[in-house]
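K.L.:
Pasting a structure below so you can have a look.
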Amino acid sequence: MEGLAVHGLHVAFGDREVLRGVELTVEMGSFVGLVGESGSGKSLTALTTLGLLPRGARVVGGSIFLDDEEIVGPGRDGTADVRGSGIAMIFQSPLAALNPLMRVGRQLERVLRRKGRTGKVEQRCIELFGAVGFQDPEQVVRLYPHELSGGMCQRVMIAMGIASEPRVLLADEPTSSLDVTVQADILDLLEELKARTGMGMLLISHDLSVVAERCSSISVMWQGSVVESGPTSDVLGSPRHPFTRQLVRDLSDESLAAQATHSDVTIVLNEASS
Amino acid sequence: MTALTGLGIDATQGGKPARPTASKAGRMAPVLHELRQHPNLAVGGTLLIVVTAIAIVGHIAPPHNPLAINPNDMTLAPSAAHWFGTDEYGRDVLSRVVYGLGIDLLIGAIVAGLALMIGSAFGLVTGYIGGWFDDIVMRVVDIVMSFPSFLLALTICVVLGNNARNVVIAVTIAYVPYMLRLTRSSVLTARSADYVLGARAVGASRGRVMALHVLPNAVGPTLVQATLMVGWAIFDVSGLSFLGVGIQPPSPELGVQVADGASYITSGQWWDSVFPGIAIVLTVLAVNFLGDYADEKLRGQRA
Amino acid sequence: MSTLIEVRDLRRNFRRGNEMLHAVDGVDLAVTEGEAVGIIGESGSGKSTLARLITRLDRPTAGSVHFRGQDVTVLSDRKLRWFRRQVQPVFQDPLASLNPRWNVRRLIAEPLRIFREPEIDRRLAEVLDDVGLHDDLLARRPRDLSGGERQRVAIARAIVLRPAVLVLDEPTASVDMSMRHSLLALLARLQAEHDLTYLYISHDIRTVEQTCNRTVVMYRGRLVEQGPTLEVLRTPQHVYTEVLMSAVPQVGQGTGTRNRLRARSESTVARSASGCVFLERCPQSQPECADSPPIVEVSPGHIAVCMLAGHLGKGVDES
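Those protein sequences? They're chains A, B and C, same order as listed.
Converting from the first sequence to the numbering used here requires adding 20 to each position, the first position being numbered 1.
Converting from the second sequence to the numbering used here requires adding 15 to each position, the first position being numbered 1.
Converting from the third sequence to the numbering used here requires adding 43 to each position, the first position being numbered 1.
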């Protein structure tokens, strides 16, 4: 299977289990959504994939595979090589993740060099910035993070994420702190990149509408495990788990009314009998 | 990383429970737990208690009279009769050290206390009022702070005269600007907090806001600094006395003792200077540990 | 129904380095008794600044705010006391807007103390009941409460003096999604039970849609459109509103088939003083937009400040 597969992942903090048998797959070329409340373990799952477990947490069961090769298992918390060459991740607050004292071009260069790239990295930086939608990448390269807007910072982060040409990109609430129009632009960008490079994409969000709009399949997490997953239309149309039902109910209350006139698609939600 | 903050898991604490489990020891359990979690508190607290206890005992009932000159027993090495030996006047060094500890602790506390009161009063007012008053005060502060504090205190002592009262004045003057700035910046932070806006919104007057909302929340870092300041004050006062511009002999102040004994070190009589020196170091260390602990607690509260 | 709040040509400028930021750039607004008016806009729209000006937590650079016919812009703090009883803000982050050292009882009782209200305990019990909080929360501090409980405490404090108007700035932003519904339901109930008027500021269009009967759209300090909520959101008459609405995620199948109206990317050119505020980014700008755009009343109560007002939503070409 080409892509990321998480099977039966158990992670514990001391003696408290925080991830209980998480099952998740992100195939190459797919756009998978992961929803859940804060504390449900969605961010932790993504971090575990990269071997970025917080101090005191450890994998106590299950495995994670990338292209059928096991990268995380009990005792193996993920090697540093996998990070960035197979899987990349972008986070919620790009301004916090960028070094405020260094021009963004240079930060991207450092990422490239760390991934083993030698030679003309400046040119590659400009290419990457162009690929993430900057109209004038040669100018942007010289800017500092505080000179960029939230959306632009997130584009920089995305450039840093795709610099290593990952197989799978994990996006943890990439748009939660952004305005709605900027959010749409960034999500458009992610879709476009996915289409161009064929990488798998995991979109983590607490907002079901964002995920439901873009993702072909959805997994719902609740209290440390995936309680429901499947194609988007199935999960929305006939949710089985009570938490999913609640999410879908909230969604249908809100979004049905807010349809702009030039949207091509309308849906009718089938509420399963509760 | 920001990604971790949404997990609802206290990742930095590595899974320790928020409260110690209930135990039969009852009241003692939380205290013991705190001591175990914060070695700063354990070490600093113990040290300070020991030092203070010694100082109190040393003031009330020193083994020998710290001022009594005893021509027969001059410059004796440490022995069973005189644990720390005697100095060139035959005075028991142990008695002098424990007595002097009391003096230094007291002076340190006075200086820190005065600097705290004066500095934070001005800092509170100027931080809240702002405007031209603030500008003037801050320029004065800048001028005073451009002198190294020790040299400033030294100069003041030379001008005013060398005695205990003046050294207290001098060091206090050197410290007030720090406290003022610290209080002022806390006030500025608190002033822009939303809860100040919230209080104004429900009709609180400026004075009420300042007293009830800004001051209590601004005072924390200042108190931490004040505890540390006791230690620095002891350092500075004993340093000035060592140089001869502060407290004068025959007072058994620790700095004076170190000065007295300094000339004898090369001829082998080390106990005269070393013991008072150790006493100074231990005291300042104790205060610093406690200051670190207070700082930890404050950060924990604010996070 | 009478006009409670009237805002006339309100302006607030901030100096940022060498430039002047026009946070609120000439806003006219009227709020009638019993309404729930939603103010939507993205970051930089000036909606939060407008809220602070209306609640007199900030002084405008120019223009005026009138409450029950009286100009409150020029009043001193002491004279404002009656105003403060009537118009109360509810802030976005209760953790920041409630003094962290005080317990719930002290926080909610403070307004009562300031205004020397009698029978504090009884009023406290009433208000807690109103917002659905149990009285054993009184001894706790904001830090020890959940996000939803904290916001309820903030609301309790705001209504304890029986105000006429609540100005809510993103009240559900710091609250979990699962709690949002109950919080909005609470606000709706309080409005009905106590004849409150709401000014609801949010970047979350969906919640505004659920709670407000009238909506105002702001962009860069100016009002671009206002009117009955469903009309403004479903049939926007200003290009910016259309851009905004088309960016709201819509549940659909086949994600690639949606046509979104996109704004042009930001440029660093400073905005000209005349002309439409949205000119530089408008995907459908006309040459005439460089002059003052007209204020068009598309239907009763629905106003848009756009050249294309009245012609949108009828198959307009997307450039």
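Every residue gets a Cβ at the ideal spot worked out from N, C-alpha and C, and that includes glycine.
(1) State whether the region 114-132 of chain B contacts the region 141-152 of chain B, with contact taken as three or more CB pairs (one from each stretch) at a distance under 8 angstroms.
(2) At least one CB of chain C closer than 8 angstroms to the CB of glycine 104(A): is that the case?
(3) Assuming aspartate 192(A) contacts isoleucine 224(A) under a Cβ cut-off of 8 angstroms, what Cβ separation, rounded to an integer in Å, is found between them?
(4) From valine 113(B) to valine 155(B), what does the alpha carbon distance come to, in whole angstroms?
(5) Which bits of chain B does serine 245(C) rub up against, with CB to CB less than 7 angstroms?
(6) CA-CA distance, glycine 276(B) and proline 264(B)?
(7) Could you list the residues in the region 28-58 of chain A with a C-beta less than 8 angstroms from some C-beta on chain C, going in chain order?
(8) Is the beta carbon of valine 240(A) sitting closer than 8 angstroms to the one on histidine 226(A)?
(9) Using a Cβ-Cβ distance cut-off of 8 angstroms, determine whether aspartate 52(C) contacts chain A.
(10) Among Leu190(A), Glu212(A) and Pro259(A), which residue has its Cα nearest to the Cα of isoleucine 16(A)?
(11) Residues of chain C with a CB under 7 angstroms from the CB of serine 229(A): which are they?
(12) If you pair each beta-carbon of the region 56-64 of chain C with each one of the region 106-124 of chain C, do three or more pairs fall below 8 angstroms?
(13) By Cβ distance, which residues of its chain are closer than 8 angstroms to aspartate 52(C), with the 5 residues on each side in sequence left out?
(14) Quick one: give me the first and last residue of the beta strand (DSSP E) that aspartate 212(C) is part of.
(15) Going along the chain, which residues of the region 217-248 of chain C sit with their C-beta nearer than 7 angstroms to a C-beta in chain A?
(16) Please name the residue or residues paired with leucine 53(C) in a DSSP beta bridge.
(17) From valine 26(A) to methionine 225(B), what does the alpha carbon distance come to, in whole angstroms?
(18) Return the chain-ordered ranges of every beta strand (DSSP E) run that is complete within the region 202-235 of chain A and spans a minimum of 3 residues.
(19) For the alpha helix (DSSP H) holding proline 192(B), just list the boundary residues, first then last.
(20) Give a yes or no on whether the C-beta atoms belonging to glycine 391(B) and proline 291(B) are separated by under 8 angstroms.
(21) At 4 residues or longer, and completely inside the region 179-267 of chain C: list those alpha helix (DSSP H) runs for me, N to C.
(22) Quick check on the DSSP output: the alpha helix (DSSP H) that includes phenylalanine 148(B) runs from which residue to which?
(23) Ignore the nearest five residues each way along the sequence and tell me which others in asparagine 119(A)'s own chain have a CB closer than 8 angstroms to its CB.
(24) Just to confirm, is the Cβ distance from methionine 109(A) to glycine 220(A) under 8 angstroms?
(25) Which residues of chain B have a Cβ atom closer than 9 angstroms to the Cβ of leucine 141(C), listed in chain order?
(26) Report yes if the CB atom of phenylalanine 158(C) is closer than 8 angstroms to the CB atom of glycine 146(B), and no otherwise.
(27) Check the Cβ of glutamine 112(A) against every Cβ in chain C and list those closer than 7 angstroms, keeping chain order.
(28) Can you tell me which of the three DSSP states aspartate 192(A) falls into?
(29) What are the boundary residues of the alpha helix (DSSP H) that includes valine 294(C)?
(30) CA-CA distance, leucine 24(A) and arginine 187(A)?
(31) Would you check if there are 3 or more beta carbon pairs closer than 8 angstroms linking the region 340-352 of chain C to the region 263-273 of chain C?
(32) Are there 16 or more other CB atoms within 10 angstroms of the CB of threonine 284(C), so buried, or fewer, so exposed?
(33) Where does the unbroken beta strand (DSSP E) through valine 247(A) begin, and where does it stop?
(34) Tell me whether phenylalanine 304(B) sits in a helix, a strand or coil according to DSSP, three-state version.
(35) Between which two residues does the beta strand (DSSP E) harbouring threonine 101(B) extend?
(36) Take isoleucine 91(A) as the anchor and find which of Ile178(A), Pro114(A), Leu70(A) and Gln203(A) has the nearest alpha-carbon.
P.N.:
With the given structure in hand:
(1) The region 114-132 of chain B vs the region 141-152 of chain B: no contact.
(2) In the first sequence, counting from the first residue as 1, residue 104(A) sits at position 84. In this prediction, glycine 104(A) scores a pLDDT of 47, lower than 50, which makes its location untrustworthy; the coordinate-derived value is nonetheless stated afterwards. Residue contact with chain C for glycine 104(A): absent (no Cβ-Cβ distance below 8 angstroms to any residue of chain C).
(3) Looking up residue 192(A) in the first sequence gives position 172. Looking up residue 224(A) in the first sequence gives position 204. Contact holds; Cβ gap of about 5 angstroms.
(4) Locating residue 113(B) in the second sequence gives position 98, counting from the first residue. Locating residue 155(B) in the second sequence gives position 140, counting from the first residue. The straight-line gap from Cα to Cα measures roughly 40 angstroms.
(5) Along the third sequence, read from residue 1 onward, the residue named residue 245(C) stands at position 202. What serine 245(C) touches in chain B, judged by beta-carbon distance under 7 angstroms, is nothing: the nearest beta carbon there is about 17 angstroms away.
(6) On the second sequence, residue 276(B) is found 261 positions in, with the first residue counted as 1. On the second sequence, residue 264(B) is found 249 positions in, with the first residue counted as 1. In a straight line, the C-alpha of glycine 276(B) is about 12 angstroms away from that of proline 264(B).
(7) Answer set for the region 28-58 of chain A: Phe51, Glu57 and Ser58.
(8) Taking the first sequence and counting its residues from 1, one reaches residue 240(A) at position 220. Taking the first sequence and counting its residues from 1, one reaches residue 226(A) at position 206. No. Outside cutoff.
(9) Translated into the one-based positions of the third sequence, residue 52(C) becomes position 9. At a cut-off of 8 angstroms between beta-carbon atoms, aspartate 52(C) makes no contact with chain A.
(10) No answer is possible for residue 16(A): it lies beyond the span of chain A, which begins at 21 and ends at 294.
(11) Position 209 of the first sequence, counting from 1, holds the residue named residue 229(A). Simply Pro292 and Val294.
(12) No, the region 56-64 of chain C does not touch the region 106-124 of chain C.
(13) The sequence position of residue 52(C) within the third sequence is 9, counting from 1. Same-chain partners within the cutoff: Gly69, Val70, Asp71, Ala105, Gly106 and Ser107.
(14) For this step, residue 212(C) is matched to residue 169 along the third sequence. Taken as a continuous stretch (DSSP letters only), the beta strand (DSSP E) holding aspartate 212(C) covers 208-212.
(15) Of all residues in the region 217-248 of chain C, those with a C-beta nearer than 7 angstroms to a C-beta of chain A are Asp219, Met220, Ser221, His224, His246 and Ile248, reading in chain order.
(16) Residue 53(C) sits at position 10 when you count from the first residue of the third sequence. Paired residue(s): Val70(C).
(17) Position 6 of the first sequence, counted from the start, is the residue given in the question as residue 26(A). Position 210 of the second sequence, counted from the start, is the residue given in the question as residue 225(B). Those two C-alpha atoms are separated by around 55 angstroms.
(18) Look at the region 202-235 of chain A and you find these whole runs of beta strand (DSSP E), each 3 residues long or longer: 220-225.
(19) If you number the second sequence from 1, residue 192(B) lands on position 177. In the DSSP assignment, proline 192(B) falls within the unbroken alpha helix (DSSP H) covering 179-206.
(20) Given that chain B is displayed from residue 16 to residue 318, the structure contains no residue 391(B) and the question cannot be resolved.
(21) Those alpha helix (DSSP H) runs which fall completely within the region 179-267 of chain C and span 4+ residues are 190-202, 220-237 and 248-254.
(22) As a first step, residue 148(B) must be located in the second sequence, where it is residue number 133. Per DSSP, phenylalanine 148(B) belongs to the alpha helix (DSSP H) from 146-160.
(23) Here the question's residue 119(A) lines up with position 99 in the first sequence. Taking C-beta separations shorter than 8 angstroms and ignoring five residues to either side along the sequence, the partners of asparagine 119(A) in its chain run Gln127 and Pro165, following chain order.
(24) Working through the first sequence from its first residue, we reach residue 109(A) at position 89. Working through the first sequence from its first residue, we reach residue 220(A) at position 200. The answer is no: Cβ separation not under 8 angstroms.
(25) Here the question's residue 141(C) lines up with position 98 in the third sequence. Result: Asp209, Tyr210 and Gly213.
(26) Here residue 158(C) refers to the residue found at position 115 when the third sequence is read from its first residue. Here residue 146(B) refers to the residue found at position 131 when the second sequence is read from its first residue. Between phenylalanine 158(C) and glycine 146(B), the C-beta gap is not smaller than 8 angstroms, which leaves the two residues out of contact.
(27) Translated into positions along the first sequence, residue 112(A) becomes position 92. Residues of chain C passing the Cβ test: none, with the nearest at roughly 14 angstroms.
(28) Translated into the one-based positions of the first sequence, residue 192(A) becomes position 172. Shown here, aspartate 192(A) sits in a strand according to DSSP, grouped into three states.
(29) Taking the first residue of the third sequence as 1, we reach residue 294(C) at position 251. Taken as a continuous stretch (DSSP letters only), valine 294(C) belongs to no alpha helix (DSSP H), as it is neither H nor E.
(30) Here the question's residue 24(A) lines up with position 4 in the first sequence. Here the question's residue 187(A) lines up with position 167 in the first sequence. For leucine 24(A) and arginine 187(A), the distance between alpha carbons rounds to 8 angstroms.
(31) Yes: at least three Cβ pairs fall under 8 angstroms.
(32) As a first step, residue 284(C) is located in the third sequence; it is residue number 241 there, counting from the start. Under this definition threonine 284(C) is a buried residue.
(33) Against the first sequence, residue 247(A) aligns to sequence position 227. Counting along the chain, valine 247(A) sits inside the beta strand (DSSP E) bounded by residues 245-251.
(34) For this step, residue 304(B) is matched to residue 289 along the second sequence. In the structure shown, phenylalanine 304(B) falls within a helical segment according to DSSP collapsed to helix, strand and coil.
(35) Counting from 1 along the second sequence, the entry for residue 101(B) is found at position 86. No beta strand (DSSP E) contains threonine 101(B), which DSSP labels as neither H nor E.
(36) Walking along the first sequence from the start, residue 91(A) turns up at place 71. Isoleucine 91(A) has its Cα closest to that of Leu70(A), out of Ile178(A), Pro114(A), Leu70(A) and Gln203(A).
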